[in-house]
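**Student:** Going down the list, the sequences are from chains A and B. In this text, residue positions in the first sequence follow the numbering used here: the first is 1, and each later residue adds one. In this text, residue positions in the second sequence follow the numbering used here: the first is 1001, and each later residue adds one. From the three backbone atoms N, C-alpha and C, an ideal C-beta is built for every residue, glycine too. All of these numbers come straight from a predicted model, not from anything done at the bench.
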Amino acid sequence: MNTTEWFGIAAALLIGLGLFGVITHPMLLRKILAFNLVGTGVFLLFGVIARRGAAAGIDGDPVPHAFVITGIVVAFSASALAVTMALKLKSDTGESTFPDDPPADAPDPAAPPRP
Amino acid sequence: MSEAILHGGLILLFLAVAATSVFTRDTFSAITAFIVYGLLLGLAWVALGSIDVALTEAALGGGITGALLLRAASRLRHADHAAETRRTGPASHGLAALACAGLTAALIVLVLSLPHPAPSLAPLAMEALPATHVGNPVTGVLLAFRAWDTFLETVVLVLALVAIWGLTSDAMWGGRPGPVQIPEPDGNLAFLARLLPPFGVLIAIYLFWVGADEPGGKFQAGTLLAAMWLLTLQAGLIDAPVLSRLRLRLAIVLGPLVFAGIGLLGIVVSSGLFAYPPGFVKACILLIEAASTVSIGVTLCLLVLGPPERPATP
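1. Could I get the ranges of all uninterrupted alpha helix (DSSP H) runs contained in the region 1173 to 1224 of chain B, with 4 residues as the minimum, in chain order?
2. Around the C-beta of B:S1029, are 16 or more other C-beta atoms found within 10 angstroms, so that it is buried, or is it exposed?
3. So B:F1034 packs on B:L1010, CB below 8 Å; how close in whole Å?
4. Nearest-angstrom Cα distance between A:D149 and B:I1164?
5. May I ask you to list, following chain order, the residues of the region 1094 to 1110 of chain B that have a beta carbon less than 7 Å from some beta carbon of chain A?
6. What residue range is occupied by the uninterrupted alpha helix (DSSP H) comprising B:P1123?
7. Can you give me the Cβ contacts of B:N1136 inside the same chain, cut-off strictly under 8 Å, excluding the 5 residues immediately before and after it?
8. Using 7 Å as the threshold, is the C-beta distance between B:L1157 and B:T1150 below it?
9. Quick check: what's the CA-CA separation for B:L1225 versus B:V1298?
10. Across which residues does DSSP place B:R1310 in a beta bridge pair?
11. Does chain A have any CB closer than 7 Å to the CB of B:I1252?
12. Assess, as a yes-or-no matter, whether the region 1233 to 1240 of chain B is touched by the region 1265 to 1278 of chain B under the definition of 3 or more beta carbon pairs within less than 8 Å.
13. Does the beta-carbon of A:T4 have 16 or more other beta-carbons within 10 angstroms, so that it is buried, or is it exposed?
14. Taking one C-beta from the region 1189 to 1208 of chain B and one from the region 1106 to 1121 of chain B each time, how about it: are there three or more such pairs within less than 8 Å?
15. Between which two residues does the alpha helix (DSSP H) holding A:H65 run?
16. Excluding five sequence neighbours on each side, which residues of the same chain lie with their C-beta closer than 8 Å to the C-beta of A:A86?
17. Whose Cβ in chain A lies nearer than 7 Å to the Cβ of B:I1011?
18. Looking at the strands, I want to know which residues DSSP matches up with A:T97.
19. On a CA-only basis, which of A:L17, A:F7, A:G8 and A:W6 is nearest B:G1102? Give me that one, please.
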């Protein structure tokens, strides 16, 4: 095993770590941050694949490198939109998390009262 | 041996910082950890042999994304406490941890079973590169071989900005984004905002120019321009722009328009869409890069600033 594969394993750990944050963190801003960790992990996988494809006298395959550069910029655009939506939710409702799911046996507040 | 120690240490360091950004309770500490993580990941990209990606990751992934999150966190500051009460129970935490560990394990198996020898487009890219007269293979891929992808990506930036502006309340349409920054003329921020931009702009122009042959290019240069603009805005030396100004909006679409124009021209004077006329390939690429650098710089800064929140004239 060489060090390039270590980076691949690190990328897998980052994706798992980020996904855990996305699922468990209640605050939307923290979910966005964790989602960015997932993104960087995926990019790092691209980096490992590019590095393994080093040939023709260059350090890595330039095609995945180009994809990652575009990917970073698109990820940032998506994050900016997500952050703006979180701020809009805060200014409109005062909430910074998704609303709680009501328990399964709770009465539906929208349903008409039973006779 | 020394490479193993260096790379292993770097990996442990950025994994630890990434874990901090997920597990720490305080939002500001989490974002600070994320910025540090972005810079460390930049080093990881150097270790993986791509300076182009390293520059983009450090500047955009760590720097500008960090600025975006910090701005949002300062507005959501009082919401932290309320969010804590929404924390899910240990059972669902355990289930989430199990699912994520499963995904990680599957990905590790995948990484270790990648094919040997690795498939690569590097020989093909290097073989075709002389025709483009640029020396940086990544720029060759971005602006020549996969120009269509890169064009759509510059459009994504504009679309994201349109979506963000779409969240404006009616009364504020066309106004200025963000709160008024009260300048502190003798503060550290104002000092840095006067000192750094001349160098930042110069380095951005250098990155754009050198991007044809060396690591660099329009994304890295545009990000640096955006950072310099954000710095002077944050210090209160200049006010945020009025978003309905025609000049500003032209600056946003200049890059995509020039890119699309040259791309369409290829149908008439060359062999097809995004085929540059022979002999003018490098000139076309530099023209697209120059226009895109301006548009990317302006758009990235406006993406961080968000929708207008106060009228153009107070």
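**Tutor:** Once the coordinates are examined:
1. 1188 to 1210
2. exposed
3. Actually they are not in contact, since the Cβ atoms of B:F1034 and B:L1010 sit about 17 Å apart, beyond 8 Å.
4. The requested residue 149 of chain A does not occur in the structure, where chain A is confined to residues 1 to 115.
5. A1096, A1097, C1100, A1101, L1103, T1104, L1107 and I1108
6. A1122 to A1128
7. D1052, G1211, A1212, D1213, E1214, P1215, G1216 and G1217
8. no
9. 8 Å
10. B:R1176
11. no
12. no
13. buried
14. no
15. P62 to T93
16. L28, L29, I32 and S96
17. W6, F7 and A10
18. A:M27
19. A:L17
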